[in-house]
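All letters in the sequence shown, in the order written, are residues 1 to 346 by the UniProt record's numbering. Note that the Cβ used here is the ideal one computed from N, Cα and C, for glycine as well. Remember, it's a predicted structure, so these values are computed and weren't measured experimentally. Presented below is the structure to which this report refers.
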Amino acid sequence: MKVLTFHAPGDVRIEDAPEPAPGPADVKIRVRACSTCGTDVKIYNHGHHHIVPPRVMGHEIAGEVVEVGADVTGWAPGDRVQVIAAIPCGRCGECRRGRMTVCPNQVSMGYHFDGGFAEYMVVPHNVLDVDGLNRIPDGVSYAEASVAEPLACVLNGQNLARVGAGDDVVVVGSGPIGCLHVRLARARGAARVFLVDLNRERLDLAADLVRPDAAICGAETDVVDAVMKLTEGRGADVVITAAASGAAQEQALQMTARQGRISFFGGLPKDKPVVSVDSNVVHYRELTIVGANGSSPAHNKEALQLIASGAVPVADLITHRLPLADALDAFGIVARGEAIKVTIEP
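Listed below in structure tokens is the structure:
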């Protein structure tokens, strides 16, 4: 079969590999869709400390069961499934407290296990042990189901930031994650959603699809001033920084309303992770700053239902569909900001 394998930073190859065989507690699937994200581009360029090469990449996975291990029950060939990316252990203190997103023993598809940029892959028992193999609802395509994983991360972030009815929400970053934040905020009853990006072309591409109440280009206007004017000087109830930008995190404090919430959703580069926070602004305005790290198996299930119900449409966010043979091209498309979501269909 064909796979996309990471060997070293800058050395990612499409190559032949033997079809994998499932162990007694595993499930083998025929990958039907595996979407790409900015993290894949980072791995391509810089590697990752959890990846020991060679490793098949890809973590936004949907496919069809073709074989089940001897000890597996409840699954059969032909089942349509979505696979979680972040796999908690299910046993530690955090997992027992229901905090699976911060499991210290977490492992991941495409990092510790071969991922979905392949014709076939094995879903390890670790996924099944935490109920992380999900049935794709009727009417949801494989490509749409592959977007459930990033939507699950967005869902976790908005739960932590308590996005709800009547909120004015600012989303900084108009990539696929930013687009999903806009759509989910609307589904949760936000009054208005404003989308911000430095890149005018990327912002316009996203705004044409998700239709925010205002699209603010940071290269052309003062973002804080624009948000304050849009909110009659009050500021936004929630600001979500869905971009790897310390400047955006610092700006968030300046445009958040009293008792507002700020989500540091996008992580910062490891060589520049420190930002300046005016503690008195947080203190006197009673602001809440939250992080957001991945998703749990339960978030993935909820994300699939949001897609199936139409509450959060994702089909139109998939702007490019490529065969596995062109998967390397996908990284360039993502890096240049020419797409919202690029899905590989082996």
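Asked	Found
Gly246 - containing alpha helix (DSSP H), residue span	246-254
Those residues which DSSP pairs with Thr288 across a bridge	Arg261
Pairwise C-alpha distance: Ile136 and residue 368	What is shown of the chain runs 1 to 346, which leaves residue 368 out entirely.
Cross-strand partners of Ala145 (DSSP beta bridge)	DSSP, once it has assigned bridges, lists no residue as partnering Ala145.
Beta-carbon proximity check, Pro88 vs Val130, cutoff 7 Å	yes
Sufficient close CB pairs (3 or more, under 8 Å) joining the region 114-125 to the region 24-31	yes
Rounded distance between the beta-carbons of Gly132 and Val56, thought under 8 Å	Their Cβ separation, rounded to whole angstroms, is 18 Å, which puts Val56 and Gly132 out of contact at 8 Å.
Runs of beta strand (DSSP E) wholly within the region 10-90 (minimum 3 residues, chain order)	11-16, 27-35, 60-68, 80-83
Straight-line gap, Val147 to His283 (C-alpha atoms, nearest Å)	38 Å
Beta-carbon gap between Pro20 and Val170 smaller than 7 Å	no
Alpha carbon of Met255 to alpha carbon of Cys95, nearest angstrom	35 Å
Sub-7 Å separation of His50 and Tyr111 beta-carbons	yes
Enclosing beta strand (DSSP E) for Arg135 [first to last residue]	133-135
Given Gly260 as reference, the closest of Leu268, Val281, Leu306, Ser245 once Cα atoms are compared	Val281
Collapsed DSSP secondary structure at Lys229 in the structure displayed	helix
Spatial neighbours of Thr288 in its chain, beta-carbon cut-off 6 Å, leaving aside the 5 residues before and after	Arg261
Span of the beta strand (DSSP E), counted from its first residue to its last, around Lys341	341-344
Local Cβ density within 10 Å of Gly310, reported as buried at 16 or more and exposed below that	exposed
Spatial distance of Val227 from Met109 (CA atoms)	39 Å
Nearest to Glu338 (by Cα), restricted to the options Gly175, Glu144, Asp213	Gly175
Cβ pair Gly69, Ala25 closer than 7 Å	yes
C-beta neighbour in chain B for Asp197, strict 7 Å	Among the protein chains of the structure shown there is no chain B, as only one such chain exists.
Residue span of the alpha helix (DSSP H) that contains Arg99, given as start and end	Unbroken run through Arg99: none, as it is neither H nor E.
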